[in-house]
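Asker: For the sequence shown, the working numbering assigns the number 1 to the initial residue and increments by one for each residue that follows. We put the beta carbon where it would ideally sit given N, CA and C, even for glycine. From a predicted model like this one, the values you see are computed outputs, not experimental measurements.
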Amino acid sequence: MFFKLQILYFWLKTKLAYPLRSREAIARWQARRLAVFAKKVLKKSVFYARYWAGKGFDWVAGVPVISKTEFMKNFDDINTQHITYAEALAVALNAEETRDFKSEIKGVTIGLSTGTSGKRGIFLVDARERALWVALVMHRVIKPRLFKKQKVAFFLRANSNLYASVNSALFEFRYFDIFKPLPALLEGMDTFKPAILASPPSILVDIATAQRNKQINIQPTQIISFAEVLHESDRQFIEATFQLKMAEVYQCTEGFLGATCTHGTMHLNEDFVKIEPEWIDNERFYPIITDFSRHSQPVVKYRLNDILQIKKAPCACGSALLAIEKIVGRDDDVLIFGGIKIYPDLISRRIAQSTDAFSQYAIVQTTENTLEIGIESPTEIFEDLKQIFIAVLDKLLQEFGVQSITYSFENQVLHIAGDKIRKIKRLIKN
Ligand SMILES: [Zn+2]
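(1) When DSSP labels each residue in this structure, what does residue 344 get in the three-state scheme?
(2) Closer than 6 Å is what we want: which residues have a beta carbon that near any heavy atom of ligand 1? List them in chain order.
(3) Does the beta carbon of residue 50 sit closer than 8 Å to a beta carbon anywhere in chain C?
(4) Hey, is the segment 76 to 88 in contact with the segment 314 to 327, meaning 3+ C-beta pairs nearer than 8 Å?
(5) Suppose contacts are defined by Cβ-Cβ distances below 8 Å. Is residue 304 in contact with residue 280 by that definition?
(6) Which whole-angstrom value describes the C-beta separation of residue 208 and residue 237, a residue pair presumed to lie in contact below a C-beta threshold of 8 Å?
(7) Alpha carbon to alpha carbon, how far is residue 344 from residue 425?
(8) Are there three or more Cβ pairs, one per stretch, closer than 8 Å when the segment 255 to 269 is compared with the segment 228 to 242?
(9) Restricting to Cα atoms, I'd like to know which of 149, 91, 293, 230 is closest to residue 193.
(10) In three-state terms, what does DSSP make of residue 410?
(11) Residues in the same chain with beta-carbon distance under 7 Å from residue 431, minus the five sequence neighbours each way, listed in chain order, please.
(12) Taking only three categories from DSSP, how would you classify residue 21?
(13) Provide the residue(s) that pair with residue 108 in DSSP beta bridges, ordered along the chain.
(14) Can you look up residue 51 in the DSSP assignment and give me helix, strand or coil?
(15) Does residue 215 pass the burial test, meaning 16 or more other C-beta atoms within 10 Å, or should it be called exposed?
(16) What three-state label does DSSP hand residue 188 in the structure shown?
(17) In terms of residues, what are the limits of the alpha helix (DSSP H) holding residue 76?
(18) Check for me: the alpha helix (DSSP H) holding residue 232 runs from which residue to which?
(19) In angstroms, rounded to a whole number, what distance separates the CA positions of residue 161 and residue 298?
(20) So what's residue 279 in DSSP terms, helix, strand or just coil?
(21) Would you report the Cα separation of residue 156 and residue 199, rounded to the nearest angstrom?
(22) Measuring CA to CA, which of 256, 371, 395, 80 is closest to residue 427?
(23) Excluding the 5 residues flanking residue 247 on each side, which residues of the same chain have their C-beta closer than 6 Å to its C-beta?
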C-alpha cells in the first residue's frame, strides 16, 4: 500500500506542481480534465449518460445543477458501481450501529453523513479515490519530515477504511472517535503525543482548553482544522495556546475542496474540482462543484449550501487557484427574522470585537423571534458577558430593522456528542 501511495504522492507532486499560474491555464487544464472525465466516467453513469451528445457534454446548458436531495433520489443511477441506495444505506447504518467500520460493498467504502442540514447522505469512495485523497491531503497540508516518523491524531465522527490506509513509513495515524466521551479522548491523545493534530475546530477548542488547564500536555507542530467552519475567535484561541499557525482543510462529504497555503489563504482545489459560483452578491456565492477526480459516484454540478466569500486581493503565494476570504457559513447558519437575513460571520465578528472573555458560545435561533444563547465562562463574569452579548445583538438587530427578539441565556454550551457544533445556527424553517 505504501508503495502505491508513494507513487501517487510523487506523481501528484509533479502533476500539481504544474504551474497553474493563471486563470487561463486553470481553464485549459479543467477543460481537458472534464473531457476525459466525461468520456471515462460519466458515460458509465446511467443518470449522466443521457446528457452525452455526439462527442461530449453540453456542460453549460445540458447537465443539470443538482441538490443533495436530488443527488440522493437518483443515487442508483448516478453511481457507476451498480450499488443501490437501499443496500448502501443498510450497510452504512449497520456499520454505524455496530461500529465495526466494515462498511464496504464490492470493495467500495460506504460513508454516511448527516450533514449540516440533518439530511442523510450516502457517499461512495473506492480504494483509488482513497489513495488519491490521502496523497492530496499530504501534498496540500501536511509537511512531511524526512527521517522522522510523525504521529498524526485524527479526530473523526466515525472511522472508515478511508483513514485506516494511511499508516506508512512517514506517518503513524491514530484515529479518535469523537462520539466517545471527551475525557477518554484527551487521555488517549495525551499518551499518544501527536506531532500533527487534525480535528474539527469544536474539538480543537476543547483540546486547547484542556492544554491551558494543564489536563494534558502535548506539543503538536501542526494543527489542521476540517469538517466545520473555523471561526476567527477559535483560530486565535487555538493558535495562541499551541503557539503555531493552523492549517485549514475545506472538506465535506462531497469532496476535498480547498486548503490553506503557506500564507494562510484558503485556495480552492480547482486543479481537480471545477467550481462555478452562484452569486449571492458581489462577494459571496454558493459553490457548484464538479469533481473530476471522482469516479465511483460522480459529483457533477452539485450545489453546496456553504456560502463562500471571495478574496479580492491576489495571494502572495502566487497561486492562481481561487482564493477565499472565508467560508461564511452554511445556509442554516444564517439567522432569518421575518425574511431579513443576518449572516453568522457578522455576528461572530461583532462579538469578537466586543469581548473574548468567553471560552465558547453558541447562538441558536429556535423560533422566528427567539435566540437561545449559551456562553461558557467562569460564573463570576457570566452576568457581564450576558450584558455584552445583549448590547451587541440589540445593536446589530436594530441596524437590520429587526425588532422584539427575546433572548434566553445559559452559562454553558450544550454539547451533543458527535454533532457538528456551530456557534450560530437556525433550527427553524422559514
Ligand atoms: Zn496563497
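Answerer: The structure says:
(1) helix
(2) 261, 263, 265, 267, 315, 317, 319
(3) Protein chains in the displayed structure number just one, and chain C is not present.
(4) no
(5) In this structure, residue 280 does not lie closer than 8 Å to residue 304 by Cβ.
(6) 6 Å
(7) Taken atom to atom, the span from the alpha-carbon of residue 344 to that of residue 425 is near 8 Å.
(8) no
(9) 149
(10) strand
(11) Since the first and last residues shown for the chain are 1 and 430, residue 431 lies out of range.
(12) coil
(13) 105
(14) Coil, per DSSP.
(15) exposed
(16) helix
(17) 75 to 78
(18) 232 to 242
(19) Confidence at residue 161 is low in this model, with a pLDDT of 48, below 50, so its placement is unreliable and the value that follows should be read with caution. Each residue's alpha carbon lies about 20 Å from the other.
(20) strand
(21) 7 Å
(22) 371
(23) For residue 247, where only same-chain residues beyond five positions count, the Cβ hits under 6 Å are 141, 224, 260.
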